[in-house]
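> Have a look at this one before I ask anything.
Protein chains: 2
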Amino acid sequence: MRALASIFAATAYLSLSAIPATAQDGARDGEGTWITLGTGAGPVTSSTRSQPANLLRFGGHDYLVDVGDGTAGQSGKAGVQTKAIDAIFISHLHFDHTAGLTGILGLRFQTSAGDPLTIYGPPETQQLVDGILAGMEPGATANYGVAGAAPVDHRSGIRVVEMRDGDSVDVDGMTVTVRENSHYSFPVGSELAARFESLSYRFDLPGRSIVYTGDTGPSDAVEELASGADLLVVEMMDIPLTIERMIAANPGIPEAVSQAMQSHLSEHHLSPTQVGELATRAGVGSVVVTHFSGWEKNQPGHMRYLQEIAAAYDGPFLIADDMDSF
Amino acid sequence: MRALASIFAATAYLSLSAIPATAQDGARDGEGTWITLGTGAGPVTSSTRSQPANLLRFGGHDYLVDVGDGTAGQSGKAGVQTKAIDAIFISHLHFDHTAGLTGILGLRFQTSAGDPLTIYGPPETQQLVDGILAGMEPGATANYGVAGAAPVDHRSGIRVVEMRDGDSVDVDGMTVTVRENSHYSFPVGSELAARFESLSYRFDLPGRSIVYTGDTGPSDAVEELASGADLLVVEMMDIPLTIERMIAANPGIPEAVSQAMQSHLSEHHLSPTQVGELATRAGVGSVVVTHFSGWEKNQPGHMRYLQEIAAAYDGPFLIADDMDSF
């Protein structure tokens, strides 16, 4: 379903309006709907963009893809209560992508969610969930504070499935495949490299394939994963500006920490040009940019991002806002 | 600083507009500013109101008072990053009031917050925080995924102070006092009654006294705590409507659970009339209603709430929206 590619690369993004309209109509079975609940790049909070989170709706099911702080509230705006969530997919363990999990688990408990919930994530997701559940113990025991109320097990129905590079799983008729991306760069063979993986996800629905990069730098594995996908939901940052802002916001930061953060931002994220290059090499049908950090639409520097993507990719794309639907 | 009390009780709420203007100006030293970050009643999420959370700004410090899901993002809208938070006050361990704590701790870590953070809360707050910190272990160990980066202790500087009925503590020149309210009603002498307390807070600033009820039913202790306060920030629900919605949203809920939730909603929360009665008995100067569940401003049933409060209290009041400032 590759859309009409404009020969005028610099204006290609203008044609993207066709994409959300199709999905919002919900007319085509099996395509599902992808809603960008939170499009900001964490961990700095923004007045206009919620922390990273997405909602995938397909076949009567509701799935979260990353769960930054505020995911429960953003889901509520999409008309989906926490108890309706069927599964959660976590890309990596940075807290800007996971902190909202506590709200999902807690509010599900308080609203007497009966259905099981499976949490898919990278290695050590189990420990994340175990910690949250341990912290919930007092609140769950006190529960509604009613005399004589029967105890409720807040761990009931919560299942974790840890995934590693190349793993694939069927979820309600959707094939979900992960690859390890380049958001972490621990030395090959090191203990940390063995323990941790940052994942990108591919969701093969009956009528559409959607790839979500999570956070990543340039990565052959992600290009392979995204090959021929209908929709690429991709992270992007204005990396020099983000470094500049990070330094300005942390005047007293130790030099070693500052250097580590600069390395991280430079090597573990995608610039607009790299987004376009990834989309072209993978041959995807359309691109939705999220995890955005940079000049906003009403600021002078914004159009440059669109120009840089369009110079490297001649398909349709846009930079998503919170609550956009595709 | 009791404001002009209208003799026309039914229209008294109209005079409240003077309150936020004064506080927003920030002209009077020692009064601080109270910002309602999240005014919805959890655990059901709303498209217009974030989960319970407040920001108290005083003397160059930023404090959170309850931390529902989305608190980090709402704080960002107020221009306050998570690393700037000096202390957190938690009223009780229901997850709609605590789930955002994970985001505050996580995003502070990721933004290299150097200053300590004290978390004040009811008994067993330590276990809540310990669980969250245990869950953060993998993410903090992977950290930014940079080869050779020095490990950072994500527990460093995080301190918990558990408080019980009648406790008082000085925080940066502000006296903070708590009373146990009636949000829980475990049998006197039971193990659960000994373990758990739901707290209301009084903040005595040099120039203003602010009482935050948290969640509570009618309570002599809260009336005492609020006695003569300049500002009462009080929970309120349309209890019959909330029960009706709860039943409608849970068609298959076991009868015992339904009964427990109905008892909880009826006895552990305040109706509009009860809000007015509390305000009058305590003799407070003004009232800000939060933790709202009911018909919204543009819906027919809303004005009745104002009428019922005004019939019981002749001072100024309003039902706050998210991000209101007092």
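In the order they appear, the protein sequences are chains A and B.
Sequential numbering of the first sequence, starting at 183, is according to this note's numbering.
Sequential numbering of the second sequence, starting at 183, is according to this note's numbering.
Backbone N, C-alpha and C fix where the C-beta goes; we use that ideal spot for every residue, glycine too.
According to a CB-to-CB cut-off of less than 9 angstroms, which residues of the region 251–267 of chain A neighbour chain B?
The region 251–267 of chain A vs chain B, Cβ under 9 angstroms: Asp251, Gly252, Thr253, Ala254, Gly255, Gln256, Ser257, Gly258, Lys259, Ala260, Gly261, Val262, Gln263, Thr264, Lys265.
> Beta-carbon within less than 8 angstroms of proline 305 of chain B's beta-carbon, same chain only, minus the 5 sequence neighbours each way: which residues are those?
So the qualifying residues of the chain are Glu344, Arg346, Arg377, Phe378, Glu379.
> In terms of residue numbering, what span does the beta strand (DSSP E) encompassing tyrosine 245 of chain A cover?
Where tyrosine 245 of chain A is concerned, the enclosing beta strand (DSSP E) stretches over 243–249.
> Leaving aside the five residues before and after methionine 505 of chain B along the sequence, list all residues of the same chain whose C-beta is less than 8 angstroms from its C-beta, in chain order.
The answer, listed in chain order, is Ile217, Thr218, Leu219, Gln256, Lys259, Ala260.
> May I have the straight-line CA-CA distance separating glycine 222 of chain A from alanine 235 of chain B, to the nearest angstrom?
When rounded, the distance between both Cα atoms is 21 angstroms.
> So, do the region 460–480 of chain A and the region 495–502 of chain A have three or more beta carbon pairs nearer to each other than 8 angstroms?
Yes, since at least three Cβ pairs between the region 460–480 of chain A and the region 495–502 of chain A fall closer than 8 angstroms, the two stretches touch.
> Given a threshold of 16 other Cβ atoms within 10 Å of its Cβ, counted over all protein chains shown, does methionine 485 of chain A qualify as buried or as exposed?
The residue is exposed, with fewer than 16 neighbouring Cβ atoms inside 10 Å.
> Tell me which same chain residues have a C-beta within less than 7 angstroms of the C-beta of threonine 424 of chain B, skipping the five on either side of it?
Leu447, Ser475.
> Could you compute how far the alpha carbon of glutamine 308 of chain B sits from the alpha carbon of aspartate 386 of chain A?
For glutamine 308 of chain B and aspartate 386 of chain A, the distance between alpha carbons rounds to 43 angstroms.
> Leaving aside the five residues before and after threonine 274 of chain B along the sequence, list all residues of the same chain whose C-beta is less than 7 angstroms from its C-beta, in chain order.
Note that residue 274 of chain B is histidine in the sequence shown, not threonine. Result list for histidine 274 of chain B: Pro304, His365, Ser380, Leu381, Gly396, Asp397, in chain order.
> Which first and last residues belong to the alpha helix (DSSP H) in which histidine 450 of chain A is found?
Per DSSP, histidine 450 of chain A belongs to no alpha helix (DSSP H) and is neither H nor E.
> Would serine 367 of chain B pass as a contact of glutamate 449 of chain B if the rule is Cβ separation under 8 angstroms?
Taking 8 angstroms as the Cβ cut-off, serine 367 of chain B and glutamate 449 of chain B qualify as a contacting pair.
> Any Cβ of chain B within less than 8 angstroms of the Cβ of valine 471 of chain A?
Not closer than 8 angstroms to any Cβ of chain B, the Cβ of valine 471 of chain A fails to qualify, so no.
> Is proline 298 of chain A near the ligand NAD, going by C-beta to nearest heavy atom under 7 angstroms?
Absent from the structure shown: the ligand NAD. Ligands present: none.
> Pull out every residue of the region 421–436 of chain B whose Cβ sits closer than 8 angstroms to any Cβ of chain A, in chain order.
Cβ contacts with chain A: Ala431, Asn432, Gly434, Ile435.
> Leaving out five residues on either side along the sequence, give the residues of the same chain with a beta carbon under 6 angstroms from the beta carbon of valine 514 of chain A.
No answer is possible for residue 514 of chain A: it lies beyond the span of chain A, which begins at 183 and ends at 508.
> Out of A:Val334, A:Gly434, A:Gln233, A:Ser401, point me to the one whose CA is closest to serine 294 of chain B's CA.
Minimum Cα distance to serine 294 of chain B is reached at A:Gly434.
> Over what stretch of residues does the beta strand (DSSP E) that includes threonine 307 of chain B continue unbroken?
Careful: threonine 307 of chain B lies outside any beta strand (DSSP E), inside the alpha helix (DSSP H) at 307–324.
> Here's a check: name, in chain order, each residue in its chain whose Cβ is nearer than 6 angstroms to the Cβ of valine 226 of chain A, leaving out the five neighbours to either side.
Excluding residues within five positions, none has a Cβ falling inside 6 angstroms.
> Between B:Gly389, B:Gly282, B:Gly327, which lies nearest to arginine 239 of chain B when the distance is taken from Cα to Cα?
Answer by Cα proximity: B:Gly389.
> Against chain A, which members of the region 348–368 of chain B pass a CB distance test of less than 8 angstroms?
Listed by position, the residues of the region 348–368 of chain B near chain A (Cβ gap below 8 angstroms) are His365, Tyr366, Ser367, Phe368.
> Quick one: list the residues of chain A neighbouring leucine 219 of chain B, beta-carbon separation under 7 angstroms, in chain order.
The contacting residues do not exist; leucine 219 of chain B stays about 11 angstroms from chain A at best.
> Could you have a look at histidine 365 of chain A and say whether DSSP puts it in helix, strand or coil?
Reduced to three states, the DSSP call for histidine 365 of chain A is coil.
> Whole angstroms is fine: what's the gap from aspartate 335 of chain A's alpha carbon to alanine 281 of chain A's?
Going from the Cα of aspartate 335 of chain A to the Cα of alanine 281 of chain A covers about 22 angstroms.
> Using the Cβ count rule (16 or more neighbours within 10 Å means buried), how would you classify alanine 492 of chain B?
The residue in question, alanine 492 of chain B, is buried, as its Cβ has 16 or more Cβ neighbours within 10 Å.
> Give me the DSSP bridge partner(s) of glutamate 379 of chain A.
Glutamate 379 of chain A pairs with nothing; no bridge assigned.
> Measuring straight from C-alpha to C-alpha, what distance separates alanine 438 of chain B and alanine 269 of chain B?
Alanine 438 of chain B and alanine 269 of chain B: Cα-Cα distance of roughly 39 angstroms.
> What's the gap between the Cα of methionine 318 of chain A and the Cα of glycine 252 of chain B?
Using only the alpha carbons, I get a separation of about 18 angstroms.
> Cα-Cα, which of A:Pro482, A:Ile501, A:Glu478 is closest to threonine 230 of chain A?
Residue A:Glu478 is the option with its Cα nearest to threonine 230 of chain A.
> Is there a Cβ from chain A that is less than 8 angstroms from the Cβ of tyrosine 173 of chain B?
Past the edges of chain B, shown from 183 to 508, lies residue 173 of chain B, and the structure says nothing about it.
> At 7 angstroms on the CB atoms, spell out the chain B contacts of alanine 518 of chain A, in chain order.
The structure shown does not extend to residue 518 of chain A, since chain A is modelled only from 183 through 508, so no value can be given for it.
> Who pairs with glutamate 437 of chain B in a beta bridge, going by DSSP?
Note: glutamate 437 of chain B sits in no beta bridge, so no partner.
> DSSP state of phenylalanine 345 of chain A, grouped into three classes?
The amino acid at residue 345 of chain A is misidentified as phenylalanine; the sequence shows methionine. If DSSP states are grouped into helix, strand and coil, methionine 345 of chain A belongs with coil.
> Go ahead and label glutamate 373 of chain A buried or exposed: buried means 16 or more other beta carbons lie within 10 angstroms of its beta carbon, across all protein chains shown.
Burial call: exposed.
> Comparing the C-beta of alanine 502 of chain B with each C-beta of chain A, is any distance below 8 angstroms?
Chain A, which has no Cβ nearer than 8 angstroms to the Cβ of alanine 502 of chain B, makes this no.
> Verify the CB distance criterion: does proline 454 of chain B have a CB-CB separation below 8 angstroms to chain A?
Judged by the 8 angstroms Cβ criterion, proline 454 of chain B is not in contact with chain A.
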